[in-house]
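In the numbering used here, the protein residues as written are 320 to 750.
A short write-up of the structure that comes next.
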Amino acid sequence: MTVDTARFATRAVHAARGRETAAPRATPIYLTAGFEFDDFDHAADHFGTGTGFGYTRTGNPTVHAAERQLAALESGADAVLVASGQAAVVTALLTVAGAGDHIVTSTHIYEGTRGLFLDNLARLDIETTFIDDIADPEAWRAAIRPNTRALFAESIANARNDVLDVAAISAVADEAAIPLIVDNTLATPFLLRPIEHGAAIVVHSASKFLAGHGSVLGGVIVDDGRFDAERAGHNAPHLVLPGRGGLPSVAARHGGRARIAYARESVAPRFGASPSPLNAFLIGQGAETLGLRVERQSRNALAIAQWLEAQEAVESVDYVGLPSHPDHDTAVRYLEGGFGSIFTFTLRGGLDAARQFVEQVRVFTHMTHIGDVRSLVLHPGTTSHAQRTEEERELLGVRPGTLRLSIGIEDIEDLISDLARVLDATREAVA
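The following block contains the structure:
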């Protein structure tokens with residue numbers, strides 16, 4: 320039967336089908352739930368080996384294009400794109416840990432990740448130890464147990480802005496034959512590529528800098544491709560033991576890429592973390608201009624931090640690009656092309672001053688997001704860190720007058736003009 324001989328409903332469903340070949344300059348968006356098999360054997364082979372495309376939850380050409388791109392930017396061997404940054408963290412952790420296992424992390428991590436450790440992973444019988452001093456390799460080493468399966472840290476902590484000594488902490492993880500997982504969202508691969516310094520796995524909220532325009536949710540896990548079954552297999556039995564139904568082990572089938580293969584085949588699709596192809600396209604398109612955006616954002620952020628530091632209404636500025644920051648020397652060692660664009664500052668006048676500030680900005684947008692082309696402001700003490708105790712917030716440098724800025728790509732003169740106007744108004748209001 321042809322389209323010409325088919326009836327109306329059949330034409331409506333099938334007339335658009337075709338297998339034309341073309342060479343589009345932009346990545347095509349494969350908005351489809353699944354893919355047609357060539358024949359009986361093709362379908363059987365796909366389900367037996369996992370190669371090719373069968374169903375978008377387990378693989379899609381648009382998604383794979385973004386994965387190749389992001390793996391290359393992070394100097395990784397392979398990547399798995401997922402539906403959000405939180406999904407990336409969950410997928411990475413469940414790739415390496417299970418019931419009865421243990422993870423070591425920092426007290427300074429993003430609040431959403433901290434809640435994941437304390438609540439959700441704890442219910443799965445995955446225990447977490449939190450350390451205070453991320454700069455001390457001995458603190459990490461002392462927290463490792465026989466059942467520890469990973470160290471987890473942020474390259475630049477949200478919101479305290481500590482900078483991780485990636486090489487030193489990677490060495491600690493390597494001694495124990497476990498991976499160091501680094502959330503590199505704030506630094507971005509333009510400024511820092513943790514895998515080049517020994518990290519095994521990198522995760523991102525791709526919703527932030529990678530996509531860059533505040534229009535999409537996504538996350539990514541990037542792996543170094545250096546899983547050593549002989550050395551680390553005792554810490555990852557799920558990767559080295561045969562699979563169900565006599566299937567060879569993940570390590571036997573994928574070698575050094577066993578971790579990322581397990582994330583792609585077992586964790587992400589089974590936990591429903593697979594991304595939309597449209598979101599994958601937007602993330603890939605955004606990543607094309609990552610360097611241009613982050614370079615300008617970092618330049619703007621440094622200028623604003625320097626300007627704020629000189630203002631009488633400002634008590635302190637917590638930005639790693641300033642020599643006054645305790646981790647400035649570490650930042651100089653690791654960050655290339657700038658110091659990032661996320662930082663906090665504290666107003667004299669406390670909570671009242673902070674309230675006046677966020678309610679009067681015009682160029683800055685008051686919202687919970689970072690890494691946008693637009694400049695953003697948030698009061699962490701009453702939003703992202705509201706569940707912390709006052710003592711914990713103080714430890715993180717989150718005080719009543721503390722505000723977090725995410726600097727965008729606007730003209731620096733307009734940004735400083737907005738800040739100057741608001742600081743003047745705030746000073747008058749709380750006087």
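In this text, a Cβ means the ideal position worked out from N, Cα and C, and glycines have one as well.
Computed from a predicted structure; not experimentally measured.
Closest Cα partner of residue i within the set the options
| i | options | result |
| --- | --- | --- |
| F444 | T467, P642, R652 and V741 | The sequence shown places Asp at residue 444, not Phe. Closest option to D444, Cα to Cα, is T467. |
| A606 | H532, H573, W626 and Q675 | H532 |
| G552 | A496, D542 and F590 | A496 |
| V485 | Y429, Y653 and G565 | Y653 |
| V423 | A363, A391, R460 and D438 | R460 |
| L511 | P465, D542, A650 and V633 | A650 |
| F471 | A398, V409 and G378 | V409 |
| V332 | N379, T321 and T340 | T321 |
| G575 | A334, T324, G562 and L558 | L558 |
| S526 | N503, F546, A548 and E515 | N503 |
| V586 | D543, G417, P343 and T370 | G417 |
| T745 | R693, V682, T687 and G668 | G668 |
| R344 | F600, L627, S568 and V696 | F600 |
| R681 | R326, V741, G603 and F449 | V741 |
| L697 | E430, G716 and L722 | L722 |
| V415 | P380, L435, A469 and A739 | A469 |
| G419 | L435, R464 and R433 | R464 |
| A411 | L435, E430 and Q388 | L435 |
| V613 | E473, R693 and L440 | R693 |
| D360 | L715, G371, L627 and F664 | G371 |
| I488 | V501, A478, R479 and N480 | V501 |
Neighbourhood of residue i by C-beta, 6 Å cutoff - its chain only, sequence neighbours within 5 removed
| i | result |
| --- | --- |
| A406 | G538 and A592 |
| I661 | L505, I689 and S725 |
| A476 | H427 |
| A548 | V559 and A570 |
| R583 | V399 |
| H573 | A580 |
Per DSSP, the bridge partner or partners of residue i
| i | result |
| --- | --- |
| R723 | T663 and L697 |
| A384 | DSSP lists no partner for A384. |
| I728 | Bridge partners of I728: none, in fact. |
| D484 | The partner list for D484 (beta bridge, DSSP) is empty, contrary to what the question assumes. |
| I428 | Answer is none; I428 lacks a bridge partner. |
| D493 | Partner(s): none; D493 has no beta bridge. |
| H685 | V696 |
Helix, strand or coil at residue i according to DSSP, with G and I counted as helix
| i | result |
| --- | --- |
| V422 | In the sequence on display, residue 422 carries Ile and not Val. In this structure, I422 counts as strand in the three-state DSSP scheme. |
| Q523 | In the sequence as presented, Gln is not what sits at residue 523; that position holds His. Three-state DSSP puts H523 in a strand. |
| A599 | helix |
| E457 | helix |
| L499 | strand |
| R479 | coil |
| A739 | helix |
| A555 | coil |
| G538 | strand |
| V636 | strand |
| G575 | helix |
| A390 | helix |
| G591 | coil |
| D357 | coil |
| E446 | strand |
| Y349 | coil |
| D733 | helix |
| E614 | helix |
| F676 | helix |
Cut-off 8 Å between Cβ atoms - residues of its own chain near residue i, not counting five sequence neighbours on either side
| i | result |
| --- | --- |
| F356 | A362, H365 and G373 |
| L609 | L392, T507, P508, F509, F528, L529 and G531 |
| R615 | I728 |
Same chain, Cβ closer than 7 Å to residue i, five either side skipped, listed in chain order
| i | result |
| --- | --- |
| T702 | T687 |
| H647 | V639 and L641 |
| A458 | I450 and D452 |
| P561 | P567 and S568 |
Residue-chain proximity (residue i, chain B), Cβ-Cβ < 8 Å
| i | result |
| --- | --- |
| A518 | No chain B is part of this structure, which consists of one protein chain only. |
Query raised in the report: How about the segment 667-679 and the segment 483-499: do they share at least three Cβ pairs that are nearer than 8 Å?
Result: no
Query raised in the report: Per the contact definition of three or more C-beta pairs closer than 8 Å, is the segment 610-622 in contact with the segment 729-745?
Result: yes
**Report entry** Touching by the beta-carbon criterion (3+ pairs, under 8 Å), the segment 581-596 and the segment 375-382
**Finding:** yes
Query - Contact the segment 520-535 vs the segment 389-408: 3+ CB pairs below 8 Å - result: yes
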